[in-house]
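Just so we're aligned: 472 in this note's numbering is position 160 of the sequence shown, and the numbers increase by one with no gaps anywhere.
Ideal Cβ positions, reconstructed from N, Cα and C, are used throughout, including at glycine.
Here the structure is a predicted model, which is why all the values come from computation and not from measurement.
Take a look at the structure set out below.
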Amino acid sequence: MSNFRTWFNEQSEEAQELFLGKYPRLLLEGNKYTELCQLLSNYYFIEAKINHPLFGVQELIEDYDLLDNSEIRNNSEYAETVKALKLIQRALFSLTHIIFKDPKQLKGQLSARLTYFDLPEIKNLLAQIATDKNIGLYSLIGSLTPPGGGGLIHTLKGHSGWVNAIALTPDGKTVISGSSDNTIKIWDLVTGT
């Protein structure tokens, strides 16, 4: 899929929408697991899905959930590939809030989070990022929290002033914050709202 971007850009808008919206599931339903894995590790597919107005990071993350299919998950032939693709999925989850604001940070964010891993699918993805001619930053070393390494899960937005106090409920599911804007907010940590 090295010429994916060229091929994709030559398609009509309708064909692009159908491809991005349906093709990953069609590959799964057609038992074309190798092709599905190749698609999900293709930087240009990732970029196209994130930048398309009908889709975005969340829809892309949901494509990786197709790997939870028992035929793929229980097939030892795909074990290492699925491991790599799940790391890519977790990296995408970690950078959702950044890419939502500035999709041009995709290259730098992915490369800075994934260079820690020595897996063929990730190496291939990073090689595609490194050779991409579009302007963007690319990290040569791991400099951001790797997938599964803890760190930011959600950005809680709602206060207009400085947050002065935070308390976590005993069940660990809710945070209460107090701000200099004279408000108190209750946050669900699962949803970020």
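A straight-line Cα-Cα distance of about 22 Å links residue 400 and residue 445. Residue 440 sits buried, since 16 or more C-beta atoms from the chains shown fall within 10 Å of its C-beta. Our two residues, residue 323 and residue 495, have alpha carbons roughly 50 Å apart in a direct line. At the C-beta level, residue 403 and residue 459 come within 8 Å of one another. Nearest Cα to residue 319 within the set 356, 501 and 365: 356. Counting only unbroken stretches of 4 or more residues, the alpha helix (DSSP H) elements lying wholly within the region 313-372 are 316-321, 325-341, 345-352 and 355-363, in sequence order. In the structure shown, residue 468 adopts coil according to DSSP, grouped into three states.
The beta-carbon distance between residue 376 and residue 352, rounded to whole angstroms, is 6 Å. This is short enough to meet the 8 Å contact definition. DSSP places residue 490 within a strand segment (E or B) once states are collapsed to three. Collapsing the DSSP output to three states places residue 480 in a strand. In the three-state reduction of the DSSP assignment, residue 377 falls in the helix class.
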